[in-house]
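Please read the structure below before turning to the comments.
In full-length UniProt numbering, the protein residues as written are 1 to 153.
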């Protein structure tokens, strides 16, 4: 048996014997679906280094001009349509299958796309939120992005 096959077998045994396995995902899982990461060769921040600095100043900018902040995000990310039109890849599907079969209990993701949901995952913790949801910073109420008028900001 090759070294890689031994590692795969060990990982599979560890997963099935675990009492509470979870999966952690980041931008890399969605690149195969056409959603760029941030620091890879075609990454959003690689192509536009100033965008990374602006991202770290984001909360202050958002507080001062929410509409402008959202407009900038949409320009830099290629718009929300990239997220809504993308399809889950085999990685998303495999994790959904592991969850459905109760091998993993939860997926924690940094991704704001909705590919885990499209693949069928249910128990998700979205560390950075979702590109499809907005939250009022005053009252905490959540809105579907499609139902919210950014012009009203």
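Cβ atoms here follow ideal geometry from the backbone N, Cα and C, with glycine treated the same way.
Limits of the alpha helix (DSSP H) - the one that residue i falls within
| i | result |
| --- | --- |
| residue 126 | Here residue 126 belongs to no alpha helix (DSSP H); instead the beta strand (DSSP E) covers 124-126. |
| residue 23 | It is not in any alpha helix (DSSP H) - residue 23 instead sits in the beta strand (DSSP E) that spans 22-25. |
| residue 109 | Element bounds for residue 109: not the alpha helix (DSSP H) but the beta strand (DSSP E), 106-109. |
| residue 81 | 81-85 |
Through-space distance from residue j to residue i, alpha-carbon basis
| i | j | result |
| --- | --- | --- |
| residue 126 | residue 28 | 15 Å |
| residue 60 | residue 66 | 10 Å |
| residue 149 | residue 10 | 50 Å |
| residue 145 | residue 131 | 8 Å |
| residue 23 | residue 95 | 8 Å |
| residue 83 | residue 114 | 7 Å |
| residue 63 | residue 122 | 32 Å |
| residue 34 | residue 2 | 32 Å |
| residue 137 | residue 8 | 44 Å |
| residue 68 | residue 100 | 40 Å |
| residue 120 | residue 97 | 8 Å |
| residue 140 | residue 37 | 28 Å |
| residue 86 | residue 6 | 34 Å |
| residue 40 | residue 12 | 28 Å |
| residue 142 | residue 4 | 44 Å |
| residue 147 | residue 44 | 27 Å |
| residue 53 | residue 81 | 24 Å |
Residue span of the beta strand (DSSP E) that contains residue i, given as start and end
| i | result |
| --- | --- |
| residue 133 | 133-135 |
| residue 143 | 142-144 |
Distance CB(residue i)-CB(residue j) smaller than 8 Å
| i | j | result |
| --- | --- | --- |
| residue 111 | residue 46 | no |
| residue 88 | residue 118 | yes |
| residue 92 | residue 128 | no |
| residue 21 | residue 103 | yes |
Nearest residue (CA-CA) to residue i, options the options
| i | options | result |
| --- | --- | --- |
| residue 19 | 135, 106, 134 | 106 |
| residue 48 | 32, 72, 142 | 72 |
| residue 55 | 36, 70, 41 | 70 |
| residue 30 | 143, 109, 13, 68 | 109 |
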